[in-house]
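Here is the structure we will look at, set down as structure tokens.
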Amino acid sequence: MKRIFQILIIALMVPLLSFGQEDDQVMKARAGKFALTNAKIYTVTNGIIENGTLIINNGIIEAVGANVRIPDDAEVIDCKGKEIYPGMIDSGTKVGLSEIGSIDVSQDFSESGALTPQMQALTAVNPNSAVIPVTRVSGVTTVWTTPSGGFLPGTAAAINLFGYTPDQMFAGAKGIIMNFPSTAGGGRFRRRSPEEQAKATERALKQVNDAWDKAELYAKIENSDDVRNYPEIEALVPVVKGEMKLFIEANAAKDILAVIDWVKSRGYKDVVITGVSEGWRVADEIAKSKLPVIAGPIQAIPTRGSDKYDAAYANPGIMSAAGVKVALRTGDTENVRNLPYHAGFAASYGMGREEALKAITINAAEILGVSNSIGSIEVGKKANVFISTGDPFETATKITDLFIDGYKVPMTSQQIRLFDEFLDRTPGVKKNDPALKIIKK
Amino acid sequence: MKKNILILTLILFTGFVAKAQVKKGDVLIKNGTVLTITKGTLDNTDVLIKDGKISRIGKNLKAPNGVQEVDATGKFIMPGIIDAHSHIALSSVNEGTSQVTAEVNMGDVIDPFDVSIYRALAGGVTSTHALHGSANVIGGESETLKLRYGTSNPEELKFEDAPRTIKFALGENPTRGGRSRGIQPSSRMGVEAMLRNSFNDAIAYRSTWAAYKADKNPRKVAPEYDLRMETLVDILDGKVLVHCHSYRADEIYMLLKVFTDFGIKKLTFQHANEAYKVASELAEFGASASVFADWWAYKLEVYWSTAYNATILTRNGVLTSINSDSGELIRHLFHEAAKTQKYGDLSDDEALSLITLNPAKQLGIDNRVGSIEVGKDADIAIFEGHPLSVYAIPVMTFVDGVKYFDRANDIADQRIYVNPEESVENITIFNRLDEDRCMEEGVVSFEALFSNKK
Chain A
1 MKRIFQILII ALMVPLLSFG QEDDQVMKAR AGKFALTNAK IYTVTNGIIE NGTLIINNGI
61 IEAVGANVRI PDDAEVIDCK GKEIYPGMID SGTKVGLSEI GSIDVSQDFS ESGALTPQMQ
121 ALTAVNPNSA VIPVTRVSGV TTVWTTPSGG FLPGTAAAIN LFGYTPDQMF AGAKGIIMNF
181 PSTAGGGRFR RRSPEEQAKA TERALKQVND AWDKAELYAK IENSDDVRNY PEIEALVPVV
241 KGEMKLFIEA NAAKDILAVI DWVKSRGYKD VVITGVSEGW RVADEIAKSK LPVIAGPIQA
301 IPTRGSDKYD AAYANPGIMS AAGVKVALRT GDTENVRNLP YHAGFAASYG MGREEALKAI
361 TINAAEILGV SNSIGSIEVG KKANVFISTG DPFETATKIT DLFIDGYKVP MTSQQIRLFD
421 EFLDRTPGVK KNDPALKIIK K
Chain B
1 MKKNILILTL ILFTGFVAKA QVKKGDVLIK NGTVLTITKG TLDNTDVLIK DGKISRIGKN
61 LKAPNGVQEV DATGKFIMPG IIDAHSHIAL SSVNEGTSQV TAEVNMGDVI DPFDVSIYRA
121 LAGGVTSTHA LHGSANVIGG ESETLKLRYG TSNPEELKFE DAPRTIKFAL GENPTRGGRS
181 RGIQPSSRMG VEAMLRNSFN DAIAYRSTWA AYKADKNPRK VAPEYDLRME TLVDILDGKV
241 LVHCHSYRAD EIYMLLKVFT DFGIKKLTFQ HANEAYKVAS ELAEFGASAS VFADWWAYKL
301 EVYWSTAYNA TILTRNGVLT SINSDSGELI RHLFHEAAKT QKYGDLSDDE ALSLITLNPA
361 KQLGIDNRVG SIEVGKDADI AIFEGHPLSV YAIPVMTFVD GVKYFDRAND IADQRIYVNP
421 EESVENITIF NRLDEDRCME EGVVSFEALF SNKK
């Protein structure tokens, strides 16, 4: 009897429970087999497929084309009137490493010391950062997240914007970040005379060279028995051996040229120049060096008061036209979602739409070293794709569906939930509330 | 410093002329798509400008003798963009020595040499609201500008006869000063108290002067004249529009109640990242909001922001604008406004109003600018591509019918002042985190003071 009573109580509560769930739904990502049909598919590497089908299975793009058989057990998503793109890649962010700008305890991208290349950005990535869903629902599926500060601030990592541990998010590439001694002005704090600047740069360059000299020595002797633990130098060895990429930040034209010479003199094989704000001034020299670049932010103020107002918008297009391989970055944290707009501006001011799309997909993947798995829609690649109502650069375009690592990720974020709650708030305002109505005395 | 002296000298010289004589232009803009904002979109339409005003809108208009024609075939003509929150063209931003500095005026620190003015023009912007910073609860009076770049006379940048405005600030910025110095306000409680105390002081000041004026005694002694109190009294009397830096819903609600109690009606919340949470209260009071399109998470009080803020406010009947607070963002406000179409499906006219008519209303200048209508000032931007498209490129900008930007004839160096001490031009790498958003104003101006930087 008592047991029946218990069952009855539970049975009565079930509708209440399910009602509660509807009100406060937990939305989870789903794996499975998906067929995205009737879409205009921008593969990036193999042209555009009109009215195409894309099959996602087990996390991988299994098939793509105009005449693809749809497996019986696939969940079909009709994309009529919509477009499919490879997930966008931002080649320079602090996503996962910074939560709230003004609160230093929420920031983990900068370590004490000038030479800390062994510091791993991936370790400090917070998979539960509110920034991540806000970013990915705009179609950015992968970011290069970087440490900063000092000459050799640490090791950056490519991360997919879905996963519950850093390892689940890891997109397969890491790289050493280096800030090349800058000859640019003293910035916000103090202006230095050209002589002071030159001296400071020389000192800094010596420090940098000392570190790399040690790394080269370490690479030669690392297999001997008595090498002591020297983590910061050991972290540079893969670069010396050509097993890891080196990303050198340089922005002033003079510094970019200095980097090109430095790389040549060092003989390192896999180097990327980042920032390159004044790349347009020395585009031919960069092209000749064959070094690829990561440029951005594009929505930025020119570096010199005398520059044309659109110098930053035009920069990637000028470099690209000169033959430089260009990827783009926002350099942002919370507004990495604006990556397609940075690309859109670059497209408008000379780069063209096709090149700009490459700069945030396949070029980015190649430059970061993840093009074997992402960066384009190709059979066998990881299913990092999104479905949109149109051109993703165009401001009004909406992303309707999102796949990361083959998971269908829910299209929600803190900002969308707040919209849903507050568009038509309950309770609303009391009409003629005396607390808000000025009564003429 | 030398530059400041130069500006000061110029002000002193021009001070003798009560009002600056500004250039006015005549031009016929032919055959464009006119986005009037208030009267729909007109295809293949001409706009005739005479003596700086829009004199006719129609088809097949003839240019009067000597009036230059501009061919806008295939282009879009919209009202000049108005930025309700800007700190460009100012040589200083914060007077942070007291929590109430209603006596200072941004009209005294206009920097006509700031190349940011040209860059804003190149983004279709014709007017800015040059605001005092947010270091203190009641800051200084602000100045509404027209971006008449090229003059060395700061007076010529002032928007003639624009209503007076003043900056207030709530939340982290003004309490940070209190917290660090151990004085009020060190909390949001203290901010409310400081506001109420200030207005009560102003009421007492007003009564003292009223009593003095009513006094028939020929040997009466005048009370002390206090410019700070004079300004506060003018706010109470509705002569000054209040623009209040704010973020959190609770502090916005607090100010609504304080202003209700003191009978102050003309109120715009600046930034107001959480205004969406009290949108219905704002509508009920009749306050407006000037917000970012999508900035958030740069400090705790903007963590629970949403890019749908402008949409929620608009849909709840709150007069809303989108501003820049940045020398970078100001160059693409048309793009910022377009984000409301992604985040909430605002119509073209609604989205464009956020950067034209609505900020004009918030600054009390909508009788002059903010839409393309006969009789209004000829502050106009011409775009290649629809201004709400990411591919839009501003190509010409007119203020009072005078062309201040023309992409086809744009030359690189647009500076009108070059520091003679600078032998090598300074290179500054743009960092969005260094932008002159309100939270940094205090810091930036402090540094500027000691770095001899602009």
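Taken in order, these protein sequences are the chains called A and B. For the first sequence, the UniProt record's numbering gives the first residue as 1, with consecutive numbering after it. For the second sequence, the UniProt record's numbering gives the first residue as 1, with consecutive numbering after it. The beta carbon of each residue, even a glycine, is placed where N, CA and C say it ideally should be.
*Answer with buried or exposed for Thr97 of chain B, where buried requires no fewer than 16 other C-beta atoms within 10 angstroms of its C-beta.*
Exposed is the call here.
*In three-state terms, what does DSSP make of Ala312 of chain A?*
In the three-state reduction of the DSSP assignment, Ala312 of chain A falls in the helix class, which pools H, G and I.
*Using beta-carbon positions only, say whether residue 464 of chain B and Val318 of chain B come within less than 8 Å of one another.*
The first residue shown for chain B is 1 and the last is 454, placing residue 464 of chain B beyond what the model contains.
*By Cβ distance, which residues of its chain are closer than 8 Å to residue 461 of chain B, with the 5 residues on each side in sequence left out?*
This structure leaves residue 461 of chain B out entirely; chain B is present only between 1 and 454.
*Between Lys265 of chain B and Gly286 of chain B, is the Cβ-Cβ spacing less than 8 Å?*
In contact: Lys265 of chain B and Gly286 of chain B (Cβ atoms closer than 8 Å).
*Assuming Asn384 of chain A and Phe403 of chain A form a contact by the criterion Cβ under 8 Å, report the distance between their Cβ atoms to the nearest whole angstrom.*
The C-beta separation of Asn384 of chain A from Phe403 of chain A comes to about 7 Å, placing the pair in contact by the 8 Å criterion.
*Does Val390 of chain B have its Cβ less than 8 Å from a Cβ in chain A?*
Answer yes: the Cβ-Cβ gap between Val390 of chain B and chain A drops below 8 Å somewhere.
*Cutoff 8 Å: Phe383 of chain B Cβ touching any chain A Cβ*: Phe383 of chain B is outside the set of residues whose beta carbon lies under 8 Å from a beta carbon in chain A.
*Roughly how far, in whole angstroms, is the beta-carbon of Val93 of chain B from the beta-carbon of Ile29 of chain B, given that I think they are within contact range, below 8 Å?*
Your pair Val93 of chain B and Ile29 of chain B does not check out as a contact, with CB atoms roughly 36 Å apart and the cut at 8 Å.
*Just mark Tyr225 of chain B as buried or exposed, buried being the case when its beta carbon has 16 or more other beta carbons within 10 Å.*
A residue is called buried when at least 16 other Cβ atoms come within 10 angstroms of its Cβ; Tyr225 of chain B does not meet this threshold and is exposed.
*From the beta carbon of Ile409 of chain A, is the nearest beta carbon of chain B less than 8 Å away?*
Per the sequence shown, residue 409 of chain A should be read as Val rather than Ile. Not flagged as an interface residue toward chain B: Val409 of chain A, since no C-beta distance is shorter than 8 Å.
_Neighbouring residues, chain A, relative to Tyr303 of chain B (Cβ below 7 Å)_ = Here the neighbours are Ile100.
_Could you give the first and the last residue of the continuous beta strand (DSSP E) run that contains Glu249 of chain A?_
Going by DSSP, Glu249 of chain A is part of the beta strand (DSSP E) stretching over 245-250.
_At the 8 Å Cβ level, is Arg69 of chain A part of the contact set with chain B, yes or no?_
Answer no: the Cβ-Cβ gap between Arg69 of chain A and chain B never drops below 8 Å.
_Cβ-Cβ distance between Ala35 of chain A and Val95 of chain A below 8 Å_ = Contact: no.
*Taking buried to mean at least 16 other C-beta atoms within 10 Å of its own C-beta, is Val105 of chain A buried or exposed?*
Result: exposed.
*Would you verify that the beta carbon of Phe151 of chain A is, or is not, closer than 8 Å to some beta carbon of chain B?*
No, no contact with chain B.
*Under a three-way DSSP split, which group does Asn57 of chain A fall into?*
Here DSSP, grouped into helix, strand and coil, assigns Asn57 of chain A to strand.
*In terms of residues, what are the limits of the alpha helix (DSSP H) holding Thr209 of chain B?*
Correcting the residue identity first, residue 209 of chain B is Trp in this sequence and not Thr. Where Trp209 of chain B is concerned, the enclosing alpha helix (DSSP H) stretches over 188-214.
*Tell whether a beta-carbon distance below 8 Å holds between Thr141 of chain A and Leu161 of chain A.*
Taking C-beta atoms as the reference points, Thr141 of chain A and Leu161 of chain A count as a pair closer than 8 Å.
*Taking just the CA atoms, how far does Phe168 of chain B sit from Leu255 of chain B?*
Distance between the alpha carbons of Leu255 of chain B and Phe168 of chain B is about 10 Å.
*Using a beta-carbon distance below 8 Å, is Val115 of chain B in contact with chain A?*
Interface flag for Val115 of chain B against chain A is set, since a Cβ pair is found closer than 8 Å.
*Find the residues of chain A that neighbour Tyr149 of chain B, judging by a C-beta separation of less than 8 Å, and give them in chain order.*
What Tyr149 of chain B touches in chain A, judged by beta-carbon distance under 8 Å, is nothing: the nearest beta carbon there is about 12 Å away.
_Residue range of the unbroken beta strand (DSSP E) whose run includes Ile77 of chain B_ = Unbroken beta strand (DSSP E) run through Ile77 of chain B: 75-79.
*asked:* With H, G and I counted as helix, E and B as strand and the rest as coil, what does DSSP make of Gln99 of chain B?
replied: DSSP, read as helix, strand or coil, puts Gln99 of chain B in coil.
_Cβ of Val429 of chain A within 8 Å of any chain B Cβ_ = Flagged as an interface residue toward chain B: Val429 of chain A, by a C-beta distance shorter than 8 Å.
*Could one say the Cβ of Gly331 of chain A lies closer than 8 Å to chain D's Cβ atoms, at least one of them?*
The displayed structure is made up of protein chains A and B, and chain D is not among them.
*Should Glu251 of chain B go down as buried or exposed, given a rule of 16 or more other Cβ atoms within 10 Å for buried?*
Buried, because 16 or more other Cβ atoms sit within 10 Å of the Cβ of Glu251 of chain B.
_Selection of the region 219-251 of chain B by Cβ proximity to chain A, strictly under 9 Å_ = Of all residues in the region 219-251 of chain B, none has a Cβ within less than 9 Å of some Cβ in chain A.
*Once you ignore the five residues that flank Ala102 of chain B on each side, which residues in its own chain have a CB closer than 6 Å to its CB?*
Closer than 6 Å at Cβ, skipping near neighbours: Ile138, Arg228, Thr231, Leu232.
*Cβ of Gly139 of chain A within 8 Å of Cβ of Thr155 of chain A?*
Taking 8 Å as the cut-off, the Cβ atoms of Gly139 of chain A and Thr155 of chain A do not count as close.
*How about Arg337 of chain A and Val134 of chain A: do their beta carbons lie closer than 8 Å?*
Contact: yes.
*Alpha carbon to alpha carbon, how far is Asn367 of chain B from Asp161 of chain B? Give it in angstroms, no decimals.*
Approximately 11 Å, taken between the alpha carbons.
*Cα-Cα separation between Lys39 of chain B and Ile382 of chain B, rounded to whole angstroms*: Across the structure, Lys39 of chain B and Ile382 of chain B are spaced so that their CA atoms are roughly 18 Å apart.
*Mind pulling the chain A residues with CB within less than 8 Å of His332 of chain B?*
Going along chain A in sequence order, the residues near His332 of chain B (Cβ under 8 Å) are Gln299, Phe345.
_Residues that Thr397 of chain A contacts on chain B, provided the C-beta gap is smaller than 8 Å_ = Residues of chain B passing the Cβ test: Lys342.
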